[in-house]
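This report refers to the structure that appears directly beneath it.
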Ligand code: GLP
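Laid out in structure tokens, this is it:
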């Protein structure tokens with residue numbers, strides 16, 4: 001079931017997303033959160049930091065599992081997703097760093113790193129909430145459109161459009177990694193609840209395809225239609241076609 005919430009501005013967007021996550025943490029301090037990178041959740045993380053500083057929530061007993069990581073960037077590279085998460089969230093809240101998990105993109109054996117992450121997810125069991133952004137081509141995590149999709153954590157070759165979209169964060173497109181490790185669609189859909197967030201008119205078309213179009217591997221996010229509990233937060237522009 002998909003429940004769409006349309007908000008009117010950036011502040012509502014971030015507050016609504018953070019509010020859903022914060023209430024889960026309040027009701028279940030041992031909550032397991034599936035987290036995402038990209039520009040979309042940054043304001044949500046900022047709001048969660050504020051709520052923590054105001055004493056509204058504590059993440060002391062919570063744990064997190066991130067969706068994906070570039071292959072070949074050192075952990076302290078400004079664009080590695082580990083560093084992104086540390087800087088945008090983990091360094092500012094009380095979740096113990098050892099409870100935060102991001103696939104290891106800098107291991108000498110990427111396949112082994114993907115397998116290890118899978119084991120970790122299996123041990124963790126079901127995450128309570130998986131936060132997702134949405135790629136312009138319908139990717140979630142780094143599950144790119146393809147003839148078939150993989151269920152578990154695996155290595156992906158990044159789509160040229162994805163590399164171009166993410167080039168804004170690097171000095172040049174040549175610096176954008178060509179491969180990544182990502183949770184598979186099966187792992188994502190295993191979450192108890194999914195929170196998909198998208199904003200801006202450049203996302204309107206893919207939001208409509210993902211939520212109302214046919215379920216197809218050519219739009220990985222369309223598989224969210226098969227999940228029993230999906231909440232989607234959209235601004236007016238991203239939600240203009242649904
Ligand atoms: C990246 C991430 C995704 C993210 C997507 C959208 O490539 N791997 O997890 O959802 O792109 O990014 P943005 O939120 O910046 O539009």
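In this note's numbering, the protein residues as written are 1 to 242.
Here a beta-carbon is modelled for each residue, glycine too, at the ideal position from N, C-alpha and C.
Quick check on DSSP: helix, strand or coil for residue 174? helix
Give me, in chain order, the residues of the same chain whose beta-carbon lies closer than 8 Å to that of residue 200; leave out the 5 immediate sequence neighbours on both sides. The residues are 235, 237 and 238.
Specify, as a first and last residue, the run of the alpha helix (DSSP H) that residue 34 falls within. Not the alpha helix (DSSP H): residue 34 falls in the beta strand (DSSP E), residues 32-35.
Could you tell me whether the segment 99-109 touches the segment 18-29, where touching means 3 or more Cβ pairs closer than 8 Å? Between the segment 99-109 and the segment 18-29, the count of C-beta pairs closer than 8 Å stays below three; the two stretches do not touch.
What does the shell around the ligand GLP hold, if a residue joins when its beta-carbon is under 6 Å from any heavy atom? Counting only residues whose CB is nearer than 6 Å to a non-hydrogen atom of the ligand GLP, the list in chain order is 36, 37, 38, 39, 40, 67, 68, 133, 134, 135, 141, 142, 162 and 166.
Would you mind reading off the limits of the alpha helix (DSSP H) that contains residue 212? 204-212 is the span of the alpha helix (DSSP H), which, as asked, contains residue 212.
Can you grab the Cα-Cα spacing for the pair residue 21 / residue 33, in whole Å? 8 Å
Using a Cβ distance threshold of 8 Å, determine whether the segment 151-164 contacts the segment 179-187, with at least three qualifying pairs required. yes
Using the three-state DSSP reduction, which class does residue 115 fall into: helix, strand or coil? Reduced to three states, the DSSP call for residue 115 is helix.
For residue 209, does the count of other Cβ atoms within 10 angstroms reach 16, so buried, or fall short, so exposed? buried
Roughly how many whole angstroms lie between the Cα atoms of residue 56 and residue 195? 21 Å
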